[in-house]
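Under this note's numbering, the first residue of the sequence shown is numbered 667, with each subsequent residue one higher.
C-beta: ideal position from N, C-alpha, C; glycine also.
Keep in mind the model is a prediction, meaning the values are calculated, not measured.
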Amino acid sequence: MSNLRVNIAGVEFKNPIITASGTFGFGREYGEFYPLSALGGICTKGLTLKKREGNPPPRVAETYGGMLNSVGLQNPGIEHYLAEDDKRLAKEDVVVIANIAGSTLEDYIAIGERINDSHADMVELNISCPNVRQGGMAFGVLPKNVEEVTRAVKNVCKKPVITKLSPNVSCIADNARAAEAGGADAVSLINTISGMAVNYKTRRPILANNNGGMSGPCVKPVALKMVWECYNAVKIPIIGLGGITTYTDVLEFMICGARAVQVGTANFTDPTAAYDIAKDLERYVEENGIDINDLVGTLILN
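So this is what it looks like as structure tokens:
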């Protein structure tokens, strides 16, 4: 019997298609193109305790097979989200994942507590943020810090916690184990890969911040490998992302061990991308009479 529903940490998604944080805002604009209820879930733009203006422009650059961004977590802050977007999203008949970020451990704890007052179904930790208390090194680089920030949020947050892993590390499987040890209910990966774009005429970086995060189809092979590595390292569910543009990409990620996926950069090139992928996946499942969950982790190595 065909089935598209997936369950992650007790939360049921009608299908495994989730929009990635930072690529979908809070769903308001995309809701003008299609009903958000057609998706499995929405991951909000990264939220911080206070409003952030983000980095100066230019902060987006096209690159071969993808894009670079250095937006700098521009967002209206948690209080604005709770007042303006939370109740609206709760009416959309779609799982809502609130992505949260901070510059100190105390920031994560405070926003982890505050998000309890939202209607969000789950929380995703963006730990690729620089830790100002440790000289700017991202929280997500060292396993001990991954475990620390995950545990700190789990101690105060009543909602299932997804730890979003950075690929800019020596061994992502170690960081997945650290997130699991810290109490994460799931992990999502990969976040963007550090990169740079250069203008040969001016001999300057194109981004005002000099470097940024690379995403899009160009990162998909890296993402697939890392999902497979983490699938073999932890028992908690994995949400895969990185260059997904078609339903066959979704199938590949699930075969490598992902239980659900996030669609990100594709939303910029085609505002109906996530919707189209969900519909194509539904058609594939019905035509082949399969339960999508049966694909998870079925990769056969040579």
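Is residue i buried or exposed, if buried means 16 or more other CB atoms sit within 10 Å of its CB?
| i | result |
| --- | --- |
| T935 | exposed |
| N898 | exposed |
| C837 | exposed |
| I905 | buried |
| T964 | exposed |
| P682 | buried |
| P809 | buried |
| P722 | exposed |
| E772 | exposed |
| D751 | buried |
| P701 | exposed |
| G731 | exposed |
| F699 | exposed |
| E918 | buried |
Excluding five sequence neighbours on each side, which residues of the same chain lie with their C-beta closer than 6 Å to the C-beta of residue i?
| i | result |
| --- | --- |
| A804 | S794 and P796 |
| A839 | E895, C896 and A899 |
| E813 | A844, A847 and G848 |
| K886 | G908 and G909 |
| K820 | V827 and G849 |
| G879 | N735 and T858 |
| I775 | A818 and V822 |
Please report the distance separating the alpha-carbon of residue i from that of residue j.
| i | j | result |
| --- | --- | --- |
| K717 | V672 | 34 Å |
| L831 | A924 | 14 Å |
| V760 | S784 | 15 Å |
| G768 | N954 | 44 Å |
| K711 | D915 | 23 Å |
| S748 | P742 | Note that residue 748 is Leu in the sequence shown, not Ser. One C-alpha to the other measures close to 10 Å. |
| A926 | T938 | 19 Å |
| A889 | T911 | 13 Å |
| G676 | Y866 | 51 Å |
| A756 | D787 | 9 Å |
| P883 | I684 | 17 Å |
| G806 | S860 | 13 Å |
| T868 | E728 | 17 Å |
| I921 | V815 | 30 Å |
| V962 | K901 | 13 Å |
| T829 | E952 | 32 Å |
| V726 | T689 | 12 Å |
| K945 | L791 | 28 Å |
| E932 | V835 | Looking at the sequence provided, one finds Ala at residue 932 rather than Glu. The straight-line gap from Cα to Cα measures roughly 25 Å. |
| N959 | G693 | 27 Å |
| E695 | K891 | 33 Å |
In the DSSP assignment, find the alpha helix (DSSP H) that holds residue i and state where it starts and stops.
| i | result |
| --- | --- |
| A749 | I744 to E750 |
| N933 | A932 to T935 |
| E952 | A939 to N954 |
Go to residue i, then tell me how far its beta strand (DSSP E) extends in each direction, as first and last residue.
| i | result |
| --- | --- |
| I905 | I904 to L907 |
| A727 | V726 to T729 |
| T914 | From DSSP, T914 is part of no beta strand (DSSP E) but of the alpha helix (DSSP H) over Y913 to I921. |
| N959 | That residue, N959, is in no beta strand (DSSP E); it is neither H nor E in DSSP. |
| L713 | Neither: L713 is in no beta strand (DSSP E) and is coded neither H nor E. |
| I708 | G707 to C709 |
| F679 | V677 to F679 |
| N673 | V672 to I674 |
| V927 | A926 to V929 |
| K717 | Here K717 belongs to no beta strand (DSSP E), and DSSP marks it neither H nor E. |
| V900 | Unbroken run through V900: none, as it is neither H nor E. |
| M667 | No beta strand (DSSP E) holds M667; DSSP gives it neither H nor E. |
| G732 | G732 to N735 |
| V827 | V827 to K830 |
| T685 | I683 to T685 |
Residues in its own chain within less than 7 Å of residue i by CB, not counting five upstream and five downstream?
| i | result |
| --- | --- |
| G720 | V737, G738, L739 and Q740 |
| F679 | R671, V672, G706, G707, V761 and A926 |
| Y950 | Y913 |
| P903 | I674, A675, A852 and R925 |
| A644 | As displayed, the chain neither begins before 667 nor continues past 968, which places residue 644 out of reach and without an answer. |
| P724 | I872, L873 and A874 |
Here's a check: name, in chain order, each residue in its chain whose Cβ is nearer than 8 Å to the Cβ of residue i, leaving out the five neighbours to either side.
| i | result |
| --- | --- |
| E779 | V822 and C823 |
| V1033 | Here the chain covers residues 667 to 968 and nothing more, so residue 1033 does not appear. |
| I781 | L713, I744, A764, I766, V789, C823 and K825 |
| S668 | V951, E952, N954, G955, I956 and D957 |
| K753 | H785 |
| L715 | G743, I744, G768, D773, A776, I777 and R780 |
| E948 | L670 and N681 |
Kindly indicate if chain B contains any beta-carbon less than 8 Å away from that of residue i.
| i | result |
| --- | --- |
| R799 | Looking at the structure shown, chain B is missing, and only one protein chain is on hand. |
| task | Tell me the start and end of each unbroken alpha helix (DSSP H) in the segment 833-886 that is at least 4 residues and wholly inside, in chain order. | result | Along the length of the segment 833-886, whole alpha helix (DSSP H) runs at least 4 residues long occupy 838-847, reported in chain order.
| message | Restricting to runs no shorter than 4 residues, where is the alpha helix (DSSP H) found entirely within the segment 767-820? | response | Counting only unbroken stretches of 4 or more residues, the alpha helix (DSSP H) elements lying wholly within the segment 767-820 are 771-780 and 809-820, in sequence order.
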